[in-house]
Ligand code: SF4
Ligand code: SF4
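Residue numbers (the working numbering), protein chains in the order written: chain A, 538 to 895; chain B, 61 to 433.
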């Protein structure tokens, strides 16, 4: 089960003062503790299926269900809303396909068998907009070696939905036991990220806030199943997650927590592009706290780390890949960042990120 | 973070871990000379941010404590001031304010709550942006709920001296730092051995401003910048004063701060604002530390223009346990608060220190909560 990519403006989602137990607020969708509680209360308690290798209760990127002795089916689903629909580096269509292809890949399922696409469109939306989006979906599918095999379209009134929402589901088959969970880290593993961190989130935020930091800021949204395939061919990948909502800080904490290990990170080794780092400083937003849409964070068996790194760097999508830390016994469930000056905890961001006052 | 593009010399120079190591050694040896625990107070959210973000507390000598005082204008904004802004918004006027103020709880609600209930509250990045809204909406009253120290008071003043639209007014919650430092220096149980003064504010006021303070309270002060090296360097200068038992004043942020500061900005500020006594949330009533709009600009003063009807209900009972006051007086750290990270989070803050990105509690939570690693 994966989070939806709620990328709407701070303004729309800012009225989320938690007002009580009875209604869903934006805080429930912000990817933090309240969201987890909601999922646990509403869904896990009802649907959790013990038959699965990875079921709903694991809250991983997808589920893994054995279908016979040799094969398991991997399923994932995701809904996408984003403002603006077309942004520097991508659009909602590319985001929807990449998001689902990547969620499959994070389970170790790098060959998507079929995708579904469900479009919910606001009445009054220009046809050309929808066409541009679906064309982008087609192109992204081609890039990922995926196909949309079934879908659905709904039109809603203009006060019922904002322009366009896309739900995509992905299905793939893996050899039974061949999936990669997000809980598989063990002490000694190296942590690798496949590319620069924070590009999607910082770029979208600055675009929405109307800041022009010159060229160089663009979303990294892309399918990374080929990258993951190369990594898995090169060595033992023990755990994987893509740092979408909540960014690198959130997924690493989740991975440490689920595996019952600690993570030590070397901040100077973490790749962040110059424009993202400067824009982040101006906005007062940590690149580690915002979404990436074309990057993988993975744990790799220590002996295989160099080989995996090399395999990633051979692909243009992975040219900035780096070993950024390792899994340790200490500070279980927590991530400690060596800043190059001192050490501190790296904690998941709370709620949506707002630019600062001064 | 490894930057894949050139950061420019400035950043490299002030983010040099080797230099940091040298400075840390210098701090260690100064502390050896002093031979007893030292408490230093800084008064700026951006200092706290940098100290936490770079993990500096983990490399400081064990018996050197660096605490944040009343350094965040959002945190010290008093509940009734928020209530006034909420009341104006609820009367149907447009209230514009900085993002940081948006969620600060008033007695009963925040501006965010008011917006949820239908009020027109806008988040802006500057006073001039608020004035632009007034120009675009000539038929509505637009009130800028103005918070911040000298760094934001000066721009607010600049907008008022430039003939903004008639339908624009300012609800000032601006504060002035030096009197607050005096109050803290006078508090019997605070025991601050030296002040790390805020570089941003000093860009406007000039470091000369602190001369009287230093001699009157016999406490050294050093103006410091916000890069890790800036902070370590300023701390070393401060420890030198403490070792020599000298109430000295130094400017360790020479690339931005001069003795006189930004004179035209200061002039505009004192043309538009007068000081008055006022309550700083959680700390005390502080003489001359609130900035109110002067008589010459009374027509732009929201308090003069409107009869603000503050009808605040009961405050959240949890606020009784909030120790923001002690934190801002340098007497406690956030993790000593029972509500920290549990009942009190940035999503659902109990005290103001958890709301603003400059608030100590928010910063501690954001950067890991327990700084001792
Ligand atoms: S207003 Fe400026 S000087 Fe004051 S606390 Fe904020 S950053 Fe520091
Ligand atoms: S944690 Fe919350 S309640 Fe406690 S002092 Fe900080 S702001 Fe106040």
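The beta carbon of each residue, even a glycine, is placed where N, CA and C say it ideally should be. Since the structure is predicted, the reported quantities are computational estimates derived from the model, not experimental observations.
Segment contact flag, the segment 285-298 of chain B with the segment 193-213 of chain B, C-beta cutoff 8 Å, min 3 pairs: no
contact_flag[the segment 828-843 of chain A, the segment 688-700 of chain A] where n(CB pairs < 8 Å) is 3 or more: no
Proximity winner among A/744, A/792, A/804, A/808, relative to residue 626 of chain A (alpha-carbon distances): A/744
Residue 247 of chain B, DSSP secondary structure in three states: coil
Sub-7 Å separation of residue 632 of chain A and residue 758 of chain A beta-carbons: yes
Strand pairing of residue 311 of chain B, partner residues [DSSP]: B/283
Contact set for residue 689 of chain A: own chain, Cβ-Cβ below 6 Å, skip 5 residues either direction: 655
Contacts that residue 869 of chain A makes with chain B (C-beta to C-beta distance below 8 Å): Correct list: empty, because the minimum Cβ distance to chain B is about 14 Å.
One or two residues paired with residue 257 of chain B in a DSSP bridge: B/283
Interface partners of residue 430 of chain B on chain A, CB under 8 Å: 882
Cβ of residue 855 of chain A within 7 Å of any chain B Cβ: no
Straight-line Cα distance separating residue 159 of chain B from residue 547 of chain A: Annotation note: pLDDT 37 at residue 547 of chain A (below 50); position unreliable, coordinate value reported separately. The straight-line gap from Cα to Cα measures roughly 10 Å.
Proximity below 7 Å, CB of residue 855 of chain A to CB of residue 731 of chain A: yes
Which of helix, strand or coil DSSP assigns to residue 737 of chain A: helix
Below 5 Å from a heavy atom of ligand 2 - residues by beta-carbon: B/382, B/383, B/384, B/397, B/399, B/400, B/404, B/410, B/411, B/413, B/414, B/421
Under 7 Å by beta carbon: chain A residues contacting residue 114 of chain B: 876, 878, 879
Beta-carbon neighbours of residue 843 of chain A, restricted to chain B and to distances below 8 Å: Those do not exist, as residue 843 of chain A stays about 18 Å from chain B at its closest Cβ, beyond 8 Å.
Residue range of the beta strand (DSSP E) that includes residue 776 of chain A: 774-778
Neighbour-count burial assignment, residue 538 of chain A, 16 or more Cβ in a 10 Å radius: Unreliable placement is indicated for residue 538 of chain A, whose pLDDT of 38 sits below 50; no coordinate value is reported for it.
Coil, strand or helix - residue 82 of chain B by DSSP: helix
Member of A/677, A/879, A/661, A/705 whose CA lies at the smallest distance from the CA of residue 693 of chain A: A/661
Reference residue 597 of chain A; option with closest CA among A/613, A/609, A/608, A/588: A/613
Delimiting residues of the alpha helix (DSSP H) encompassing residue 143 of chain B: 139-150
Other residues of its chain near residue 748 of chain A: CB distance less than 8 Å, five sequence neighbours each side excluded: 816, 819, 820
Spatially closest choice to residue 709 of chain A from A/675, A/840, A/649, by CA coordinates: A/649
Length of the line joining the Cα atoms of residue 787 of chain A and residue 604 of chain A: 32 Å
Beta-carbon proximity list for residue 394 of chain B, same chain, < 8 Å, skipping 5 on both sides: 387, 400, 413, 420, 421, 424, 425, 429
Under 8 Å by beta carbon: chain B residues contacting residue 571 of chain A: 407
Nearest-angstrom Cβ-Cβ length linking residue 803 of chain A and residue 875 of chain A, presumed shorter than 8 Å: 5 Å
Close beta carbons around residue 383 of chain B, own chain, < 6 Å, minus the five adjacent residues each side: 392, 397
Run of the beta strand (DSSP E) containing residue 617 of chain A, from where it starts to where it stops: 608-619
Proximal chain A residues relative to residue 433 of chain B, where beta-carbon distance stays under 7 Å: 873, 880, 881
Residue-level contact to chain A via CB, residue 344 of chain B, 7 Å cutoff: no
Burial state of residue 418 of chain B, where buried means 16 or more other Cβ atoms lie within 10 Å: buried
Range of the contiguous alpha helix (DSSP H) that encloses residue 221 of chain B: 210-221
Cβ separation of residue 99 of chain B and residue 125 of chain B, assumed to be a contact under 8 Å, to the nearest whole Å: 5 Å
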